[in-house]
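S.K.: Protein sequences appear in the order of chains A and B. With my numbering as the guide, the letters of the first sequence map in order to residues 1 to 288. With my numbering as the guide, the letters of the second sequence map in order to residues 1 to 288. Ideal placement from N, C-alpha and C gives every residue a C-beta, glycine not left out.
There are 2 protein chains.
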Amino acid sequence: MAVSNAVDQFMQRVADEFESLPRQLQGVARYLEQHRSSIMLQKVNDIAEGSNVHPSAVVRFAQRFGYTGFSEMQAVFRDAFRERTEPSGSYQHRIRRVIAERPEKLDETQIARSFIDACRVGLDELVERFDPARFHAAVDVLASAEHIYIVAVRRSFAIASYIAYALGHTQKRVHLVDGLGGMHREQIHSIGKGDALIAISFPPYGKETLFCTRLARQRKAKVIAISESDLGPLAAHANVLLKVDEGSVFAFRALTSTICLCQALFVALAYRLELKPNEAAHSGDFDA
Amino acid sequence: MAVSNAVDQFMQRVADEFESLPRQLQGVARYLEQHRSSIMLQKVNDIAEGSNVHPSAVVRFAQRFGYTGFSEMQAVFRDAFRERTEPSGSYQHRIRRVIAERPEKLDETQIARSFIDACRVGLDELVERFDPARFHAAVDVLASAEHIYIVAVRRSFAIASYIAYALGHTQKRVHLVDGLGGMHREQIHSIGKGDALIAISFPPYGKETLFCTRLARQRKAKVIAISESDLGPLAAHANVLLKVDEGSVFAFRALTSTICLCQALFVALAYRLELKPNEAAHSGDFDA
DNA sequence: CAACATATGGAATAAAAATTCCATATTTCT
DNA sequence: AGAAATATGGAATTTTTATTCCATATGTTG
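(1) Is the beta carbon of A:Ser161 sitting closer than 8 Å to the one on B:Ser161?
(2) Which residue comes first and which comes last in the alpha helix (DSSP H) that contains A:His175?
(3) Could you tell me whether the region 259 to 275 of chain B touches the region 156 to 174 of chain B, using the rule of 3 or more Cβ pairs below 8 Å?
(4) Does any residue of chain A have a CB that is nearer than 8 Å to the CB of B:His54?
(5) Assuming A:Ser156 and A:Phe202 make a contact with CB atoms under 8 Å, what is their CB distance in whole Å?
(6) Quick check: the Cα distance between B:Leu242 and B:Met183, rounded to an integer number of angstroms?
(7) If I measure Cβ to Cβ from B:Ala137 and keep anything under 7 Å in the same chain, skipping five residues before and after, which residues do I get?
(8) Could you list which residues in chain B have their beta carbon closer than 8 Å to that of A:Leu231, in chain order?
(9) If you pair each beta-carbon of the region 50 to 59 of chain A with each one of the region 24 to 40 of chain A, do three or more pairs fall below 8 Å?
(10) For B:Tyr165 and chain A, any beta-carbon pair shorter than 8 Å?
(11) For B:Ile159 versus A:Ala158, is the C-beta spacing smaller than 8 Å?
(12) Relative to the C-alpha of A:Ala75, which residue among A:Val7, A:Arg154, A:Asp131 is closest?
(13) Can you list the alpha helix (DSSP H) stretches of 4 or more residues lying completely in the region 184 to 216 of chain B, in chain order?
(14) Under 8 Å, CB to CB, which of the residues in the region 120 to 148 of chain A have a partner in chain B?
(15) Across which residues does DSSP place A:Gly223 in a beta bridge pair?
(16) Between which two residues does the alpha helix (DSSP H) containing B:Leu242 stretch?
(17) Could you please give me the residues that DSSP links to B:Val151 through a beta bridge?
(18) Pull up the distance between the alpha-carbon of A:Leu261 and that of B:Ala112, whole angstroms please.
(19) Beta carbon of B:Arg219, beta carbon of B:His237: below 8 Å?
(20) DSSP three-state label for A:Gln42, please.
(21) Is A:Arg129 helix, strand or coil when you go by DSSP?
(22) Just tell me which of B:Arg60, B:Val244, B:Ile148, B:Lys193 has its CA closest to the CA of B:Arg134.
(23) Could you tell me whether the Cβ of A:Met40 comes closer than 8 Å to any Cβ of chain B?
(24) Applying the 10 Å Cβ sphere with the 16-neighbour rule, what's the burial state of B:Ser227?
(25) According to the Cβ coordinates, are B:Tyr149 and B:His175 closer than 8 Å?
(26) Taking the CB atoms as reference points, tell me whether A:Leu21 and A:Ala29 lie closer together than 8 Å.
(27) Compile a chain-ordered list of the residues in the region 245 to 269 of chain B whose CB is closer than 7 Å to at least one CB of chain A.
(28) Under the rule that 16 or more other beta-carbon atoms within 10 Å means buried, what is A:Asp230, buried or exposed?
(29) With 16 other CB atoms within 10 Å as the buried threshold, where does A:Arg185 fall?
(30) Thinking C-beta only, is B:Leu234 closer than 8 Å to B:Cys199?
(31) Only counting the same chain, and skipping five residues up and downstream in sequence, which positions put a Cβ closer than 7 Å to that of A:Gln24?
(32) Counting only C-beta atoms, is A:Phe211 closer than 8 Å to chain B at any point?
(33) Find the residues of chain A that neighbour B:Tyr67, judging by a C-beta separation of less than 8 Å, and give them in chain order.
(34) Along chain B, which residues have their Cβ under 9 Å away from the Cβ of A:Thr109?
(35) For a contact meaning CB atoms closer than 8 Å, what does A:Arg217 contact in chain B?
(36) What number of angstroms, rounded off, separates the C-alpha of A:Gly284 from the C-alpha of A:Ala221?
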């Protein structure tokens, strides 16, 4: 990654040769320079028109710089864009490829590093896709509820258990639906209007979680769902849906983004409730 | 959230109708949702492939939502992107709107952003201070133990519960010391030589965790401690100590680095045990 | 479980986009 | 100014991409 991106390199070459280019191709060059950010989605015709030039001139331009044609040149712009906007995708790709290529050589340190890297990318995306309106709405719901129920199963259960712990430091009445003794149903049973449910679930969505979510909704409780997408079964019954997209590395789902979001939620709530930070995170004093 | 852009509106419609869509079209919907930012430069085939669907299904999807075909639907994404990036006066407009929209909200958003940022820094440090020798040693201990006990209380309990879940996917016998019914002592009681204990604790160190750690050591079990420093009380009784330094923000301790490390540990173990990734993270299939 | 409705995917077709070809125009050089 | 070299744009061709058609599969309902 030493040298900057491929587009810059290419544009540099164009600049160098610019003087020696025929009139029309200079026009194309100027146009590219001026619109580099949207070349990736333009057709030859758009560019030709924009440069007041015949489409074939654009093709010739590309060929002049060593590409077989316009398409190949455009690919440079497209790929550069992709790389910028889907760093995680390329990450995971790379990692997956590494594994596919040499499974024996992959030592534990590499595994750990890759995994941590992937988690970092996950947090980057969390910031990027952060939705203030929804976050705010979620804090609202929590702030105005007296009883807060929390449900999640299997992999996500750890998250629920953490939230329950954290909320325990507020004045709210906290109910962790942990399913102990198979009593999910009984534990959520008393939820009602004015209460809030935090439900955390990812594909393939635990049925206990879905059950609780539906029940909560029937009982007019507010539901905060933490899930992957607006389309899953949780979304339908949620008042607020907070999206978290954990990239999976090694076909293995991370949890960092989810827990980070939940902690952020708790911190924001603590502020809203005017717990002084020290008071809330009194945590620090009788903690694990 | 007034009248945001065309893409959001469209995706909203998709979300609304999602439930009533045939299976394949739901797949397409999910794909779009997950990749909205790059739909504009994908071909029908890319999307079809990404959604595990025949190209014609993608066209049908577009038509279902009132477009004449895929191209017209894609134009929505393309135009939205252009609008955002064209250097027209819209930029200042946007900024002004953002400011106008969130006068109060700014606070919570800031809190959340700072918190997530802090977590990112935490992960950065985790990579930097990563100690391969210790990590390797930890994997060794786990790989050679038949029974694995896990203990942590309060804030760290969530981590323990996650580890227990993850290890449940291996052949190891996993014992989560959860203290249910006040039975920490009884739960750890049967630990012995050849077993391993994972203990997670941070200042001010839960006494249950310390108790278990000491007992495990007496019984000649191997102890993996996850803690802040080499000097704490855990260190003395640990065979391997993995250091995690969560920065505290708002006088509030994050958990991301810890859980990230634990997941990395599990992934490395899974590889060591030659669980195929898919097998281990079969997780994905009957997960939360 | 039959009859119907709906969904799916292969293959043909249509449409769009890119590329090539070539006749003509323009520039350059002597 | 005339010849040679180069550039240009119209139109044909090729390639790629999108769409439609339809036979088969799948699920649903009475």
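M.R.: In short, the structure shows the following:
(1) Yes, the Cβ-Cβ distance between A:Ser161 and B:Ser161 is below 8 Å.
(2) First-last for A:His175: 173 to 177, but that is the beta strand (DSSP E), not the alpha helix (DSSP H).
(3) yes
(4) Chain A, which has no Cβ nearer than 8 Å to the Cβ of B:His54, makes this no.
(5) 7 Å
(6) About 27 Å.
(7) Val240
(8) For A:Leu231, the chain B residues whose Cβ falls inside 8 Å of its Cβ are Val14, Ala15, Phe18, Gln26, Ala29, Arg30, Glu33, in order along the chain.
(9) yes
(10) yes
(11) yes
(12) Here the closest residue by C-alpha is A:Val7.
(13) Listed in chain order, they are 184 to 188.
(14) Arg120, Leu123, Asp124, Leu126, Val127, Phe130, Pro132, Ala133, Phe135, His136, Val139
(15) Just to set this straight, residue 223 of chain A is Val in the shown sequence, not Gly. Per DSSP, A:Leu197.
(16) Careful: B:Leu242 lies outside any alpha helix (DSSP H), inside the beta strand (DSSP E) at 240 to 243.
(17) B:Val177, B:Ala199
(18) Each residue's Cα considered, the two are about 8 Å apart.
(19) no
(20) coil
(21) coil
(22) B:Val244
(23) yes
(24) buried
(25) Contact: yes.
(26) yes
(27) Phe250, Ala251, Phe252, Arg253, Ala254, Leu255, Thr256, Ile259, Cys260, Gln263, Ala264, Val267, Ala268
(28) When all chains shown are included, A:Asp230 counts as buried.
(29) exposed
(30) For clarity, residue 199 of chain B is Ala in the given sequence; the question names Cys instead. Cβ atoms of B:Ala199 and B:Leu234: closer than 8 Å.
(31) Taken in chain order, the residues that qualify are Val53, Ala57.
(32) For A:Phe211, the closest Cβ of chain B is not nearer than 8 Å.
(33) Within chain A, no residue comes near B:Tyr67; the closest Cβ sits about 18 Å away, beyond 8 Å.
(34) Phe130, Pro132, Phe135, His136, Ala268
(35) Within 8 Å Cβ-Cβ: nothing; A:Arg217 doesn't reach chain B, min ~15 Å.
(36) Interpretation of A:Gly284 is limited by its pLDDT of 40, a score under 50 that renders its predicted location unreliable; no figure is taken from the coordinates.
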